[in-house]
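Encoded as structure tokens, the structure appears first; notes follow it.
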Amino acid sequence: SQQGEEDPQALSIQEGENATMNCSYKTSINNLQWYRQNSGRGLVHLILIRSNEREKHSGRLRVTLDTSKKSSSLLITASRAADTASYFCATGRTGGANNLFFGTGTRLTVIP
Amino acid sequence: DGGITQSPKYLFRKEGQNVTLSCEQNLNHDAMYWYRQDPGQGLRLIYYSQIVNDFQKGDIAEGYSVSREKKESFPLTVTSAQKNPTAFYLCASSIAASGRSYEQYFGPGTRLTVT
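Below you can see the structure in the form of structure tokens.
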């Protein structure tokens, strides 16, 4: 399966701390995306990094991509209670259609 | 959730009945997708459509059917042939890809319970 796997499965931190989540995948990709899901809701796109990029920033988010290790990380700096959610990586499938393989997610809890 | 609506939010059905989940988008996107999410799991692709009147099977299409008669609408029917239909169903849309990748926009989801 090309599905990504996030690590850790669950993460609990204090407000103000940084949170790092990792994603590993198995086959070649053309892009990797990170999404956030609040409990019982739809997913919200956070950031997309293409296979020829190594690092990308968006506000308090920093994403890295290492295609040689087939891995990516999402760093959330200065976390807030409102960041509590599940975070999923999704890899773009090669070959045309904009289909994604989703990982199993990291459940982040930020304690106020 | 902006731009994509799914209805209803909760749906209850008896085993053996077909049920249709609605998905509508006003983002003028060509591509639409249906995913299934089970508790504590990621999303699995059921069907996708890149253009009106065309759709393709995803990874777990058995027991499901779709139609794409209008650009804005991509309804999913869960048939009685689907062995484990109870799940959270998510619809998404995006710009259709042609050599590039784009973010997907998701609806709020429909939680289907079959007893």
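Residue numbers (the numbering used here), protein chains in the order written: chain A, 5 to 116; chain B, 98 to 212. All C-beta atoms, glycine included, are put in the ideal place defined by N, C-alpha and C. Given the structure is predicted, the values throughout are model-derived calculations rather than measurements.
So Leu15/A contacts chain B; which residues on that side make the cut at Cβ distance below 7 angstroms?
Within chain B, no residue comes near Leu15/A; the closest Cβ sits about 15 angstroms away, beyond 7 angstroms.
So if DSSP puts Glu9/A in a beta bridge, which residue, or which two residues, is it bridged to?
Ser28/A
Counting contacts by CB-CB distance shorter than 8 angstroms, is Glu121/B in contact with chain A?
no
What residues are listed by DSSP as bridge partners for Arg66/A?
His61/A, Leu79/A
Could you say if the region 106 to 124 of chain B and the region 80 to 91 of chain A meet the contact criterion of at least three C-beta pairs nearer than 8 angstroms?
no
So what does DSSP say about Asp151/B, is it helix, strand or coil?
strand
Any beta carbon of chain A sitting closer than 8 angstroms to that of Gln100/B?
The sequence given here places Gly at residue 100/B; Gln does not occur at that position. Not an interface residue.
Just the C-alpha distance for Ser72/A and His49/A, rounded to the nearest angstrom, thanks.
25 angstroms
Residue closest to Thr95/A, alpha-carbon to alpha-carbon, out of Gln201/B, Ala193/B, Lys154/B
Gln201/B
DSSP three-state label for Asn115/B, please.
coil
Using the C-alpha atoms, what's the distance from Gly100/B back to Leu187/B?
14 angstroms
Between which residues of its own chain and Gln18/A is the CB-CB distance below 6 angstroms, once the five residues before and five after are set aside?
Ile115
Grab the span of the beta strand (DSSP E) containing His126/B for me, first residue to last.
Counting along the chain, His126/B falls outside any beta strand (DSSP E), and DSSP gives it neither H nor E.
Residue burial classification, Gly44/A (beta-carbon count within 10 angstroms, cutoff 16)
exposed
Rounded to whole angstroms, how far is the Cβ of Gln134/B from the Cβ of Cys120/B, which I believe are closer than 8 angstroms?
With a Cβ gap of about 15 angstroms, Gln134/B and Cys120/B do not count as contacting.
On the CB-based measure, 16 or more other CB atoms within 10 Å of its CB, does Leu209/B come out buried or exposed?
buried
So for Ala94/A, helix, strand or coil by DSSP?
strand
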